[in-house]
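Comments concern the structure below.
4 protein chains.
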Amino acid sequence: MHAVRPLPAYLVKRYHGWRATDYTENHAWYERLAEEGQRPRTMLITCCDSRIQWSSIFGAETGEFFIHRNIANLVPPYQPDGALHGTSAAVEYAVTSLHVSNIVVLGHSNCGGVKGCHDMCQGHAPELEDESSFVGRWMDLLRPKYALVEDIADEAERLEALEKQCVLASLENLLTFPFVAQGVTEDRLALHGLWHHIAKGGLEVYDPTRDGFAPL
Amino acid sequence: MHAVRPLPAYLVKRYHGWRATDYTENHAWYERLAEEGQRPRTMLITCCDSRIQWSSIFGAETGEFFIHRNIANLVPPYQPDGALHGTSAAVEYAVTSLHVSNIVVLGHSNCGGVKGCHDMCQGHAPELEDESSFVGRWMDLLRPKYALVEDIADEAERLEALEKQCVLASLENLLTFPFVAQGVTEDRLALHGLWHHIAKGGLEVYDPTRDGFAPL
Amino acid sequence: MHAVRPLPAYLVKRYHGWRATDYTENHAWYERLAEEGQRPRTMLITCCDSRIQWSSIFGAETGEFFIHRNIANLVPPYQPDGALHGTSAAVEYAVTSLHVSNIVVLGHSNCGGVKGCHDMCQGHAPELEDESSFVGRWMDLLRPKYALVEDIADEAERLEALEKQCVLASLENLLTFPFVAQGVTEDRLALHGLWHHIAKGGLEVYDPTRDGFAPL
Amino acid sequence: MHAVRPLPAYLVKRYHGWRATDYTENHAWYERLAEEGQRPRTMLITCCDSRIQWSSIFGAETGEFFIHRNIANLVPPYQPDGALHGTSAAVEYAVTSLHVSNIVVLGHSNCGGVKGCHDMCQGHAPELEDESSFVGRWMDLLRPKYALVEDIADEAERLEALEKQCVLASLENLLTFPFVAQGVTEDRLALHGLWHHIAKGGLEVYDPTRDGFAPL
Numbered sequence: 030m031h032a033v034r035p036l037p038a039y040l041v042k043r044y045h046g047w048r049a050t051d052y053t054e055n056h057a058w059y060e061r062l063a064e065e066g067q068r069p070r071t072m073l074i075t076c077c078d079s080r081i082q083w084s085s086i087f088g089a090e091t092g093e094f095f096i097h098r099n100i101a102n103l104v105p106p107y108q109p110d111g112a113l114h115g116t117s118a119a120v121e122y123a124v125t126s127l128h129v130s131n132i133v134v135l136g137h138s139n140c141g142g143v144k145g146c147h148d149m150c151q152g153h154a155p156e157l158e159d160e161s162s163f164v165g166r167w168m169d170l171l172r173p174k175y176a177l178v179e180d181i182a183d184e185a186e187r188l189e190a191l192e193k194q195c196v197l198a199s200l201e202n203l204l205t206f207p208f209v210a211q212g213v214t215e216d217r218l219a220l221h222g223l224w225h226h227i228a229k230g231g232l233e234v235y236d237p238t239r240d241g242f243a244p245l
Numbered sequence: 030m031h032a033v034r035p036l037p038a039y040l041v042k043r044y045h046g047w048r049a050t051d052y053t054e055n056h057a058w059y060e061r062l063a064e065e066g067q068r069p070r071t072m073l074i075t076c077c078d079s080r081i082q083w084s085s086i087f088g089a090e091t092g093e094f095f096i097h098r099n100i101a102n103l104v105p106p107y108q109p110d111g112a113l114h115g116t117s118a119a120v121e122y123a124v125t126s127l128h129v130s131n132i133v134v135l136g137h138s139n140c141g142g143v144k145g146c147h148d149m150c151q152g153h154a155p156e157l158e159d160e161s162s163f164v165g166r167w168m169d170l171l172r173p174k175y176a177l178v179e180d181i182a183d184e185a186e187r188l189e190a191l192e193k194q195c196v197l198a199s200l201e202n203l204l205t206f207p208f209v210a211q212g213v214t215e216d217r218l219a220l221h222g223l224w225h226h227i228a229k230g231g232l233e234v235y236d237p238t239r240d241g242f243a244p245l
Numbered sequence: 030m031h032a033v034r035p036l037p038a039y040l041v042k043r044y045h046g047w048r049a050t051d052y053t054e055n056h057a058w059y060e061r062l063a064e065e066g067q068r069p070r071t072m073l074i075t076c077c078d079s080r081i082q083w084s085s086i087f088g089a090e091t092g093e094f095f096i097h098r099n100i101a102n103l104v105p106p107y108q109p110d111g112a113l114h115g116t117s118a119a120v121e122y123a124v125t126s127l128h129v130s131n132i133v134v135l136g137h138s139n140c141g142g143v144k145g146c147h148d149m150c151q152g153h154a155p156e157l158e159d160e161s162s163f164v165g166r167w168m169d170l171l172r173p174k175y176a177l178v179e180d181i182a183d184e185a186e187r188l189e190a191l192e193k194q195c196v197l198a199s200l201e202n203l204l205t206f207p208f209v210a211q212g213v214t215e216d217r218l219a220l221h222g223l224w225h226h227i228a229k230g231g232l233e234v235y236d237p238t239r240d241g242f243a244p245l
Numbered sequence: 030m031h032a033v034r035p036l037p038a039y040l041v042k043r044y045h046g047w048r049a050t051d052y053t054e055n056h057a058w059y060e061r062l063a064e065e066g067q068r069p070r071t072m073l074i075t076c077c078d079s080r081i082q083w084s085s086i087f088g089a090e091t092g093e094f095f096i097h098r099n100i101a102n103l104v105p106p107y108q109p110d111g112a113l114h115g116t117s118a119a120v121e122y123a124v125t126s127l128h129v130s131n132i133v134v135l136g137h138s139n140c141g142g143v144k145g146c147h148d149m150c151q152g153h154a155p156e157l158e159d160e161s162s163f164v165g166r167w168m169d170l171l172r173p174k175y176a177l178v179e180d181i182a183d184e185a186e187r188l189e190a191l192e193k194q195c196v197l198a199s200l201e202n203l204l205t206f207p208f209v210a211q212g213v214t215e216d217r218l219a220l221h222g223l224w225h226h227i228a229k230g231g232l233e234v235y236d237p238t239r240d241g242f243a244p245l
């Protein structure tokens with residue numbers, strides 16, 4: 030494949046730096062992780078966005094988190110139709126094979142995917158309406174929630190509200206998976222909804238008792 | 030939603046630690062990233078596996094990497110049928126909205142998804158054959174590659190070979206996306222295939238000139 | 030200009046090597062950097078000394094660092110008199126045009142400029158005392174700090190202490206610039222003082238809480 | 030100084046990576062460099078711009094280059110008036126203390142400093158005209174050259190021509206330093222003018238026999 034090129038030098042250099050420090054200092058642990066298999070306590074579902082500092086925020090570098098990242102941290106509803114469902118596969122593997130105890134859905138401010146959905150709903154993103162737009166079809170998952178925020182006058186507030194609805198949509202869809210619902214019922218599995226404010230470094234948690242997000 | 034529970038205390042504590050140190054020390058940069066938008070140079074596609082230390086290996090905590098993680102770092106072929114395609118949406122967003130210069134597919138040793146595909150192909154995983162198995166249907170993407178490794182006598186070697194074929198399958202499928210192919214043809218986009226040995230901390234790179242992987 | 034000669038062959042050869050490898054492999058990124066403009070997170074002020082391996086130490090080859098190098102990494106105090114101030118121009122551009130989040134002043138062992146100042150202060154460098162000595166007049170910036178180290182008996186220790194004072198002098202002078210002070214006050218800009226031991230590969234960081242340098 | 034903050038974690042990590050690899054592998058050489066002093070063959074004068082990949086282009090990491098970086102790689106004329114002249118101090122040290130054999134002035138495309146001078150000359154940058162603008166006063170060094178390019182109709186071509194004039198201005202000013210002129214006359218010192226095209230990775234060299242720049 031002529032498309033494949035040598036790895037950029039800065040990545041090669043950083044790898045060698047990691048190999049000579051972190052790996053060397055912790056290799057016995059990494060060897061055990063490889064031999065005994067992973068045993069993550071928590072599954073994380075978050076956005077692909079390069080500004081999400083998950084491993085930094087939660088020290089997620091020691092085999093603790095099974096991490097799925099996609100556009101806008103969305104989980105589709107349960108649909109066992111034999112077609113490709115990458116997110117559903119990740120959830121299934123985390124719950125039925127790895128038996129994670131927690132699933133965290135982490136949304137964030139300034140989300141390009143949510144913004145795209147917002148613009149579609151306002152009729153300002155015809156290119157996302159096209160059938161061939163993968164981002165558009167993916168963000169259709171969030172469209173039903175737009176009605177809940179459309180009356181918010183301020184656009185920044187409306188976008189933030191939609192980002193939070195995106196987290197709730199994923200939590201709701203997670204519960205349509207029989208193995209998730211069963212884990213919750215049997216009290217083996219807990220779900221969590223978070224929203225991260227990139228600029229302020231804030232973290233808000235969904236609180237079902239007041240049906241709202243509150244700062245940690 | 031009764032399923033939603035308070036965030037585990039160890040995560041709350043780590044967040045507060047991060048907030049008081051890393052965030053406080055670097056907030057001006059995070060504010061700029063939020064205000065000016067992300068500008069990642071590279072998209073990373075890797076596995077959800079909790080043992081993949083990507084951010085550690087490559088220092089991926091400064092807005093440099095747009096990260097998609099799914100089971101077995103698989104990319105499906107281009108299929109613009111209006112259905113949900115989360116991985117395709119992530120690739121589309123990275124290439125057409127963010128204009129990344131590089132896409133890195135990072136596979137790894139001890140991959141549970143690849144093992145599942147291997148076992149299906151050997152007839153030892155009937156539960157994955159079921160139409161309702163999301164992991165099974167997802168790993169079908171890799172099945173055509175099994176023929177290339179089935180003659181390898183040693184199972185560990187066969188699995189490693191299949192993990193590497195999984196990286197190649199994703200690279201090949203990436204090239205079926207018109208916007209990826211165009212980026213490659215116009216020399217604006219380069220693809221890279223890596224395989225990480227968890228226990229040894231090794232990193233092998235696909236070299237198209239010899240059609241094989243070689244240690245960095 | 031008869032003084033201008035062909036570029037030495039070893040430089041021509043290295044350039045062609047870089048052009049055929051690093052540039053070719055990464056040109057899409059370099060093109061984006063040119064088109065979209067630089068967005069460095071950090072300004073570095075260090076010495077011209079050929080033994081300072083900044084880009085090697087910190088991987089400074091990807092558009093991340095705005096770099097000013099002069100004799101002994103000195104910053105003069107704010108003096109807006111309409112005269113030429115090259116270092117002040119670099120600081121102004123970094124802070125007011127590029128909005129860097131960090132300014133790092135990196136001093137080092139075996140610094141010829143600091144040694145010159147030291148010798149002047151001891152009366153052993155008459156040639157530097159001459160009004161026409163650019164190095165002498167430049168190093169006058171450090172002279173007030175000599176009193177703080179002159180009681181150190183061992184010359185090597187005294188020189189190292191003066192090299193560290195040189196970093197502190199620059200940090201103090203940086204704060205006399207209104208736009209630097211404002212950035213610091215508004216918490217948009219952080220300053221950092223480092224001292225590098227060339228022979229040992231060491232890096233010491235100024236810690237204001239103990240008013241001293243400590244190894245990283 | 031409350032303005033001084035801990036070094037960002039990504040820099041700490043990269044430093045430790047460098048320490049464990051490059052330094053460890055080459056420490057004997059670094060120890061010699063520290064003990065015996067630097068002996069650079071060439072002085073480089075280039076811009077602070079974060080996109081100038083000098084060490085990458087020329088493999089400049091082994092004590093070979095004495096590097097001065099300022100805004101727009103400008104050298105002022107010789108002016109031994111006892112005032113602060115950071116660039117002149119760097120040139121003096123390189124030539125009279127280190128006895129370099131070559132001085133390379135490296136300009137580049139997309140130069141913000143040159144753009145500022147250009148805009149001042151067109152009357153479009155009143156903020157740079159202010160006496161207190163360090164960048165403005167520094168770029169005054171280039172103003173006399175504007176007349177040579179102002180008739181070029183296309184702005185991009187005009188800017189490129191001015192960037193090249195900036196290299197020539199520095200070469201001319203270098204020759205006003207008696208110790209530079211003497212080195213050239215005695216054939217101990219050669220000057221070189223380069224212009225780097227960031228997007229294309231190009232390098233053009235000033236050729237005095239045709240008074241123009243030609244690609245390497």
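Line by line, the protein sequences give chains A, B, C and D. With positions in the first sequence counted from 1, the corresponding number in the working numbering is that position plus 29. With positions in the second sequence counted from 1, the corresponding number in the working numbering is that position plus 29. With positions in the third sequence counted from 1, the corresponding number in the working numbering is that position plus 29. With positions in the fourth sequence counted from 1, the corresponding number in the working numbering is that position plus 29. Ideal Cβ placement from N, Cα and C applies to all residues, glycine included.
| query | result |
| --- | --- |
| Going by beta-carbon coordinates alone, are B:T71 and B:F94 separated by less than 7 angstroms? | yes |
| Report the CB separation of D:A228 from C:E65 in whole angstroms; it is logged as a contact under 8 angstroms. | So it is not a contact: roughly 11 angstroms between Cβ atoms. |
| Starting from the C-beta of B:L73, find all residues in its chain whose C-beta is less than 6 angstroms away, skip the five residues before and the five after it, and write them out in chain order. | F94, I96, V133 |
| Are three or more beta carbon pairs between the region 110-117 of chain D and the region 101-117 of chain C nearer than 8 angstroms? | yes |
| In three-state terms, what does DSSP make of D:D236? | strand |
| Should B:S126 go down as buried or exposed, given a rule of 16 or more other Cβ atoms within 10 Å for buried? | exposed |
| Beta-carbon of D:Y39 versus every beta-carbon of chain B: anything under 7 angstroms? | yes |
| Assuming contact is defined by CB atoms lying nearer than 7 angstroms, are B:V124 and B:S199 in contact in what I supplied? | no |
| Go to A:P244, then tell me how far its beta strand (DSSP E) extends in each direction, as first and last residue. | 241-244 |
| Find the residues of chain B that neighbour A:W47, judging by a C-beta separation of less than 7 angstroms, and give them in chain order. | S85, I86 |
| Within the 7 angstroms Cβ cut-off, does C:R239 reach chain B? | no |
| On a CA-only basis, which of A:P106, A:S161, A:Q151 is nearest A:A176? Give me that one, please. | A:Q151 |
| Which residue marks the beginning of the alpha helix (DSSP H) containing D:G142, and which one marks its end? | 141-150 |
| Please specify which runs of the alpha helix (DSSP H), each continuous and at least 4 residues long, are wholly inside the region 51-124 of chain B, giving them in chain order. | 53-65, 83-87, 115-121 |
| So A:V41 is in the alpha helix (DSSP H); what residue range does that whole segment cover? | 38-47 |
| Measure the Cβ-Cβ separation of D:Y122 and C:V196 and say whether it is below 7 angstroms. | no |
| Could you give the distance in angstroms between the alpha-carbon of C:S138 and the alpha-carbon of A:Y235? | 53 angstroms |
| Give the secondary structure of D:A219 by DSSP, where H, G and I count as helix, E and B as strand, and everything else as coil. | strand |
| Give a yes or no on whether 7 angstroms exceeds the smallest Cβ distance from C:A63 to chain B. | no |
| If you follow the alpha helix (DSSP H) that D:V209 is in, where does it begin and where does it stop? | 207-214 |
| Just checking: is the beta-carbon of D:R34 within a distance shorter than 7 angstroms of some beta-carbon in chain B? | yes |
| With a threshold of 16 other CB atoms inside 10 Å of the CB of D:W58, please say whether the residue is buried or exposed. | exposed |
| Tell me, which residues are paired with A:I132 by DSSP? | A:M72, A:L220 |
| Applying a beta-carbon distance threshold of less than 8 angstroms, which residues of chain A neighbour D:R43? | R43, G46 |
| Going by DSSP in three states, B:G231 sits in which element: helix, strand or coil? | strand |
| So what does C:H225 bridge to, in DSSP terms? | C:H137, C:L232 |
| Leaving out the 5 sequence neighbours to the left and right, which residues in its chain are closer than 8 angstroms to C:L131 when beta-carbon positions are compared? | Here residue 131 of chain C turns out to be Asn, not Leu, going by the sequence shown. Here the set comprises R70, T71, M72, L218, A219, L220, H221. |
| How about D:T91: is its C-beta nearer than 7 angstroms to some C-beta of chain A? | no |
| For C:L215 and chain A, any beta-carbon pair shorter than 7 angstroms? | According to the sequence displayed, residue 215 of chain C carries Glu and not Leu. Cβ-Cβ to chain A under 7 angstroms: no for C:E215. |
| Compute the beta-carbon to beta-carbon distance between D:L171 and D:V129, rounded to the nearest angstrom, for a pair I have assumed lies under 8 angstroms. | The Cβ separation is near 24 angstroms, so there is no contact. |
| In this structure, what does DSSP give as the bridge partners for A:V33? | B:L220 |
| So, is the C-beta of C:D148 closer than 7 angstroms to a C-beta in chain D? | no |
| If you count every other CB in all the chains shown that lies within 10 Å of the CB of C:K42, and 16 or more means buried, which is it? | exposed |
| When you compare the CB of B:E60 with every CB in chain D, is at least one pair closer than 7 angstroms? | no |
| Quick one: give me the first and last residue of the alpha helix (DSSP H) that C:K174 is part of. | That residue, C:K174, is in no alpha helix (DSSP H); it is neither H nor E in DSSP. |
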